[in-house]
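Protein chains in written order, with this note's numbering: chain A, 581 to 693; chain B, 2 to 116. A quick write-up on the structure given underneath.
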């Protein structure tokens, strides 16, 4: 079955540090890939997405590239801010399939000033 | 545009009581999802509907849980009787048929505490 594995947290960084959160997936077919973010006390929000190999999703300074050869979708940001503190979820969806999202376990990120 | 609306935002109840959680999806969205989030198990899909019809309820933990979608603008998740291990944050999400990559929009969640 489909699955997503994320880098275990929690991750603690200083402001302006470089961020990488690793995500790898296992899927039948050709999935779409997502990063969702959950700020404290809120629901999940879509951060970025990529729908085919070599696509780069980007938003708010975050980027992730769909790597089919390594089945990965790592999240990166060049300079993090305190406001980026949140839980980040990697997810996949089978294109045209059952519309279910399969989520990773989430990675809690804390940015210290 | 209003997002996904959930009520109540917080619910505290005693073991054995019935609990009903409510969700109003985004207008025009035809898929609705119920999730449960706990520290131990992370984010779990409980059930989802397409066009008001339950498609996959394999994540519903046991018979104490039931979900309905009587129309396109309303869904309920009911727990009867509730148990302390049901304490969690329950999220509702909806998605539109127009996006083939299936982006889901989440509500703010209902935090349930069963004493």
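Ideal Cβ placement from N, Cα and C applies to all residues, glycine included.
Query, Result
"Look up residue 656(A) in the DSSP assignment and give the residues it is bridged to.", "600(A), 643(A)"
"Verify the CB distance criterion: does residue 29(B) have a CB-CB separation below 9 Å to chain A?", "no"
"Could you tell me whether the Cβ of residue 55(B) comes closer than 9 Å to any Cβ of chain A?", "no"
"Provide the residue span of the beta strand (DSSP E) that contains residue 43(B), from first to last.", "43-51"
"Less than 9 Å between the C-beta atoms of residue 595(A) and residue 692(A), yes or no?", "yes"
"Run down chain B in chain order and give the residues with a C-beta less than 9 Å from the C-beta of residue 669(A).", "43, 44"
"Determine which residues share a DSSP beta bridge with residue 636(A) and list them.", "645(A)"
"Would you mind telling me which residues of chain B sit closer than 8 Å to residue 599(A), beta carbon to beta carbon, in chain order?", "Correct list: empty, because the minimum Cβ distance to chain B is about 21 Å."
"Listed in chain order, which residues of the region 629-654 of chain A have Cβ atoms closer than 8 Å to some Cβ of chain B?", "629, 631"
"In whole angstroms, what is the alpha-carbon distance linking residue 71(B) and residue 25(B)?", "11 Å"
"Using the beta-carbon count (16 or more within 10 Å), is residue 623(A) buried or exposed?", "buried"
"Specify the secondary structure class of residue 65(B) as computed by DSSP and reduced to three states.", "coil"
"Taking residue 623(A) as the query, report the chain B residues whose CB atoms sit under 7 Å from its CB, ordered along the chain.", "92, 107, 108, 109, 110"
"For the 8 Å Cβ check, are there 3 or more pairs between the region 2-10 of chain B and the region 640-656 of chain A?", "no"
"Going along the chain, which residues of its own chain have a beta-carbon closer than 8 Å to the beta-carbon of residue 582(A), five neighbours each way excluded?", "605, 606, 607, 608, 611, 672, 674, 682"
"If you follow the beta strand (DSSP E) that residue 680(A) is in, where does it begin and where does it stop?", "Run containing residue 680(A): none; DSSP gives neither H nor E here."
"Is there a Cβ of chain A sitting closer than 9 Å to that of residue 5(B), yes or no?", "yes"
"Which bits of chain C does residue 686(A) rub up against, with CB to CB less than 8 Å?", "This model lacks chain C altogether, as its protein chains are A and B."
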